[in-house]
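Colleague: Residue numbers (my numbering), protein chains in the order written: chain Y, 1 to 218; chain B, 1001 to 1218; chain C, 2001 to 2218; chain R, 3001 to 3218.
Glycine included, C-beta positions come from ideal geometry on N, C-alpha and C.
Fair warning: this is a prediction, and the values are worked out from it, not measured in the lab.
One structure follows; several queries about it will come next.
Protein chains: 4
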Amino acid sequence: MPRVTAAVKARLSETRRTQILEAAVRVFARRGFDRATIQDIAGSAGLSEGSIYNYFRSKEELLVHIPQHLVRPALEPLLEAAAPETIADVERQLLQVAQGIVGRVKENAWFLKVFVSALPRLSPRARERYLSLLPLYAAERLEGVLRRGMRAGLFRQDLDAAIAARAFPGMLLIFLMMQEVLLEKKLVPHDYNTIAGETVRLFLYGAASRQHQPAHRP
Amino acid sequence: MPRVTAAVKARLSETRRTQILEAAVRVFARRGFDRATIQDIAGSAGLSEGSIYNYFRSKEELLVHIPQHLVRPALEPLLEAAAPETIADVERQLLQVAQGIVGRVKENAWFLKVFVSALPRLSPRARERYLSLLPLYAAERLEGVLRRGMRAGLFRQDLDAAIAARAFPGMLLIFLMMQEVLLEKKLVPHDYNTIAGETVRLFLYGAASRQHQPAHRP
Amino acid sequence: MPRVTAAVKARLSETRRTQILEAAVRVFARRGFDRATIQDIAGSAGLSEGSIYNYFRSKEELLVHIPQHLVRPALEPLLEAAAPETIADVERQLLQVAQGIVGRVKENAWFLKVFVSALPRLSPRARERYLSLLPLYAAERLEGVLRRGMRAGLFRQDLDAAIAARAFPGMLLIFLMMQEVLLEKKLVPHDYNTIAGETVRLFLYGAASRQHQPAHRP
Amino acid sequence: MPRVTAAVKARLSETRRTQILEAAVRVFARRGFDRATIQDIAGSAGLSEGSIYNYFRSKEELLVHIPQHLVRPALEPLLEAAAPETIADVERQLLQVAQGIVGRVKENAWFLKVFVSALPRLSPRARERYLSLLPLYAAERLEGVLRRGMRAGLFRQDLDAAIAARAFPGMLLIFLMMQEVLLEKKLVPHDYNTIAGETVRLFLYGAASRQHQPAHRP
DNA sequence: TATGAATGAGACTTCATTCAT
DNA sequence: AATGAATGAAGTCTCATTCAT
């Protein structure tokens, strides 16, 4: 039964990789990429130094592979919903996106610390690869949604979809990064459900009161 | 004239310290804290390695002393004092804030790079101190403006001023951090004037088209 | 039939050893002894690392066992048996020797590379054993031929046969080692037939022109 | 007197480099390039590991710089003599060359062991650089001498100067390498003066007896 | 017997820091 | 106060060898 053995081995190997990456995230988050040592990571993964190199070619490879294993899977369900027909649909979907972002960031706060601090020292290729896996790039999908929504008349005709799609996650990320990553302390006395709801409404309807809404530009 | 000599010496010493710290910021920004070497910094400061240690006890000391010398310019107010009377006033003021934020981040890009790269080495207290020195966005003031605007009927009555005041700069910071600090690569093909203008409009009037603006909640 | 099985096993085992040693020579020649890894060798032999150790105790053992398997072909005689009667006979025989040397070195280039790369690791005894296994030049035989030729008046009476017999192959080996083993790059734009012919003529008739040939010493 | 200090420092630095290179040669010769450790070399040079890197960028750099410091200076005086007018002049000069080669090889026997074993793993550029410093390349000068001698009628008109110039050192190197480097034991019971003399005569007048010297080809 | 993951000693190299000049 | 060579701890990575399967 060599086939069975091969399958078992492959599974074991995948387990090991995950186990190592999880250890790497823990150590990177605690010490930063440069201060983390392979020994730390190996110890945290319950392996010896040399074994790490049976699974990853270098320390940088560890960094590069973290998002693939930890962040991407969490991102997949985002924005898989049907095309919205009413603005209420949009609101519901955006709320989902917002809650998704909140969830991901909270879940991966340790990783984001690693990510942010390590980003400047990655090679451009690695950087690109890294970023393409992050929530910000949900922006591209959101941009598509906005464009379709504009054609359907749900959104302002003079909206710049590219800018708006990138501004939206930023509204949330500020809280999230500050509270979860940078300061680890609350900035406003609200829970994230409230914040997400407010943010979505702000994005959709703006801050201006009804009577001050201008006629939109063509 | 030992007193004169002493004074001269003190002044010279202070100059040297500044000179070294400025070099340190340049190098930290370019290479990240951990990758920066004392030799880099000494070279950039026009001194030799050993001399650095006549002014600072260690590399960490350099990091700790940076903000005191470099963050002052960012303390200027972002908002003009006058209370807004029309929504157009608000739009103008927000545009000013937005452009202020853009300016500040671009101006302090190197410092932000240092901050970001040193993130995992900073204690929570140090992180807070750093962040408080960098009033990247004048959230408290903006919150006040929004509250006054709400009382004046310019803004939705159901707006959460605290959340909105913090969400607004986030809309811009995404672009700024990515383009100026983390990626050094444009995310959208617009200049910051356009981005700032769009962001302000998005904040004020939202994304939804006119006919989909809901009645605001009480 | 335990006896048959045992015999089969022994044969198989011997095959495996040979297979491994041949792989080792290939890899040693390509990478040098120290740079060769067991993994390289195992891969080249179509086995896995661990299996090598079922046949050889260590990497050094591989080195030690190589010649027994690979140097035999070089033992064939280089000189035909017949005694030369004219200087033309001698020239023909030397040409044969020269071409033999060329052939041998080219044939054993990989082994020579191994030998050369392993040089500093070999004990003087091992070095001698290796060299004696590689009768790269049939110095003793050539010495005998020269002595007989001297008695027959074909060679200068003042020739030192021992020195000459060892100098002759050296004339060729320079080209051969450089071109085939060390540099893998041509030193002169001639093929080996030309080089061999020239070398033989140089050996027999020297470089001086006819009118400058001295009277030979007694 | 900063100028004096600078000069002193430069001299000291050059001394250190030589000191390190000499240690490197010792260690490389004893252990081979790959088995030699920086610690060995540093210890042998009376320095600590890190200090080596103040003078050489890498272990390979050490290897590459050895011939420049140790072999080239010994080679310079070779073949600096006046143009030969008689065959006796040539014989005297070649004897000098031969004795020079003997001297160099004996002197640098340890280095040649390093050289030969390290050669295959050098980059092509380093190899080229390396070889250009070795006695074999005296061949180019010898080739020039031979060509001039041919024009002057001292040498056979049908001589191939390129081949002859490279064959000549080979006649000696065989002895030398075997006796000094590979076997470290005598092959023939002669001293090097005798060997050198015999070799030169063999090269100039060949092995054939007077009455068997052919008419040279045009 | 074959496999290949695990091991860990040991290599090269970097760099903050010290110190004699 | 300035220099920069020296130091050596510490880090990443390689690889021969072992061993459970």
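1. Chain C beta carbons: is any one of them nearer than 8 Å to that of R/Arg-3147?
2. With H, G and I counted as helix, E and B as strand and the rest as coil, what does DSSP make of B/Ala-1010?
3. Could you tell me which whole alpha helix (DSSP H) segments of length 4 or greater appear in the region 2005-2062 of chain C?
4. Using three-state DSSP, classify C/Ala-2083 as helix, strand or coil.
5. Run down chain B in chain order and give the residues with a C-beta less than 8 Å from the C-beta of Y/Glu-61.
6. Determine, using beta carbons only, whether Y/Gly-206 comes closer than 8 Å to chain B.
7. Give me the Cα-Cα distance between R/Arg-3031 and R/Arg-3016, rounded to the nearest whole angstrom.
8. Which residues in the same chain have their Cβ closer than 6 Å to the Cβ of B/Ala-1165, if we skip the five residues on either side of it in sequence?
9. When the Cα atoms are used, what is the spatial distance from Y/Asp-160 to B/Leu-1202?
10. Are the Cβ atoms of B/Phe-1056 and B/Leu-1047 separated by less than 8 Å?
11. Against chain B, does Y/Lys-113 count as a neighbour if the rule is that its beta carbon must be under 8 Å from one of theirs?
12. If the criterion is Cβ atoms closer than 8 Å, does the pair C/Ile-2020 and C/Ile-2066 meet it?
13. Taking Cβ to Cβ, would you say C/Val-2188 is nearer than 8 Å to R/Ala-3162?
14. Mind pulling the chain B residues with CB within less than 8 Å of Y/Pro-67?
15. Does any C-beta atom of chain Y lie closer than 8 Å to the C-beta of B/Asp-1040?
16. For chain B, is any of its Cβ atoms less than 8 Å away from the one on Y/Ile-174?
17. Report the three-state DSSP secondary structure of Y/Ala-196 (helix, strand or coil).
18. In the structure shown, what three-state DSSP assignment does C/Ala-2167 receive?
19. Pick from B/His-1212, B/Thr-1086, B/Arg-1026: whose alpha carbon is nearest that of B/Glu-1107?
20. Is B/Leu-1094 near B/Val-1105, with beta carbons less than 8 Å apart?
21. For the alpha helix (DSSP H) holding B/Lys-1113, just list the boundary residues, first then last.
22. Expressed to the nearest angstrom, what Euclidean distance is found between the alpha-carbon atoms of Y/Gln-213 and Y/Tyr-205?
23. Would you please state the rounded distance, in angstroms, between the beta carbons of B/Ile-1169 and Y/Ile-174? I believe it to be under 8 Å.
24. Compute the Euclidean distance between the alpha carbons of R/Glu-3184 and R/Glu-3091, then round it to the nearest angstrom.
25. Just how far apart, CA to CA, sit B/Glu-1022 and B/Gln-1096?
26. Strictly below 7 Å CB to CB, what residues from chain Y border B/Glu-1198?
27. Return helix, strand or coil for C/Ala-2139, following the three-state DSSP convention.
28. So, using beta-carbon positions, are B/Thr-1199 and B/Ala-1098 closer together than 8 Å?
29. To the nearest whole angstrom, what separates the beta carbons of R/Ser-3117 and C/Val-2116, a pair I think is in contact under 8 Å?
30. Using the Cα positions of Y/Lys-59 and Y/Ile-38, report the straight-line distance between them to the nearest angstrom.
31. Taking the alpha carbon of C/Ala-2024 as the point to measure from, which residue in C/Ala-2042, C/Ala-2007, C/Gly-2197 has its own alpha carbon closest?
32. Within 8 Å of any Cβ in chain C, is that where the Cβ of R/Phe-3155 sits?
33. Closest Cβ-Cβ distance between R/Pro-3169 and chain C: below 8 Å?
34. Would DSSP call Y/Ala-207 helix, strand or coil?
35. Ignore the nearest five residues each way along the sequence and tell me which others in C/Gly-2197's own chain have a CB closer than 7 Å to its CB.
36. Would you say B/Phe-1203 faces chain Y, with C-beta separation under 8 Å as the test?
Modeller: From the atom records:
1. Judged by the 8 Å Cβ criterion, R/Arg-3147 is not in contact with chain C.
2. Helix at B/Ala-1010.
3. With a minimum length of 4 residues, the continuous alpha helix (DSSP H) runs that stay inside the region 2005-2062 of chain C are 2038-2045, 2049-2055.
4. In the three-state scheme derived from DSSP, where H, G and I count as helix and E and B as strand, C/Ala-2083 is classed as coil.
5. At a C-beta separation below 8 Å, Y/Glu-61 has no neighbours in chain B, since its nearest C-beta there lies roughly 18 Å away.
6. With 8 Å as the cut-off, Y/Gly-206 counts as an interface residue toward chain B.
7. If I take the Cα positions, the gap works out to 22 Å.
8. By the criterion of a C-beta distance shorter than 6 Å, B/Ala-1165 is surrounded in its chain by Ala-1139, Leu-1142, Glu-1143, Leu-1146, once the five residues flanking it on both sides are discounted.
9. Near 9 Å, if we compare the C-alpha coordinates of B/Leu-1202 and Y/Asp-160.
10. For B/Phe-1056 and B/Leu-1047, no; Cβs fall outside 8 Å.
11. Yes, Y/Lys-113 lies at the interface with chain B (some Cβ there is under 8 Å from its Cβ).
12. For C/Ile-2020 and C/Ile-2066, no; Cβs fall outside 8 Å.
13. R/Ala-3162 sits close to C/Val-2188, with the two beta carbons spaced by under 8 Å.
14. Result: empty, since nearest Cβ-Cβ is about 14 Å, beyond 8 Å.
15. B/Asp-1040 does not count as touching chain Y.
16. Answer yes: the Cβ-Cβ gap between Y/Ile-174 and chain B drops below 8 Å somewhere.
17. It is helical.
18. Helix at C/Ala-2167.
19. The residue with the shortest Cα to Cα distance from B/Glu-1107 is B/Arg-1026.
20. For the 8 Å CB-CB criterion, B/Leu-1094 and B/Val-1105 do not form a contact.
21. Counting along the chain, the alpha helix (DSSP H) containing B/Lys-1113 begins and ends at 1109-1118.
22. If I take the Cα positions, the gap works out to 9 Å.
23. In the sequence as presented, Ile is not what sits at residue 1169 of chain B; that position holds Pro. Approximately 7 Å separates the beta-carbon atoms of B/Pro-1169 and Y/Ile-174; this is inside 8 Å, confirming the contact.
24. Rounded to the nearest angstrom, the two C-alpha atoms are 29 Å apart.
25. Going by the C-alpha atoms only, they are around 29 Å apart.
26. Per Cβ cutoff of 7 Å: Asp-160, Ile-163.
27. Correct three-state label for C/Ala-2139: helix.
28. In contact: B/Thr-1199 and B/Ala-1098 (Cβ atoms closer than 8 Å).
29. Right, their Cβ atoms sit about 6 Å apart.
30. Cα to Cα, Y/Lys-59 sits roughly 7 Å from Y/Ile-38.
31. Checking every option, the nearest Cα to that of C/Ala-2024 belongs to C/Ala-2042.
32. It does: the Cβ of R/Phe-3155 has a partner Cβ on chain C nearer than 8 Å.
33. Residue-level contact check: R/Pro-3169 touches chain C, since one or more beta carbons of chain C fall below 8 Å from its beta carbon.
34. DSSP, reduced to helix, strand and coil, places Y/Ala-207 outside both helices and strands of the structure shown, so it counts as coil.
35. In the same chain as C/Gly-2197, and ignoring 5 residues on each side of it, the C-beta atoms closer than 7 Å to its own belong to Leu-2095, in chain order.
36. At least one C-beta of chain Y is nearer than 8 Å to the C-beta of B/Phe-1203.
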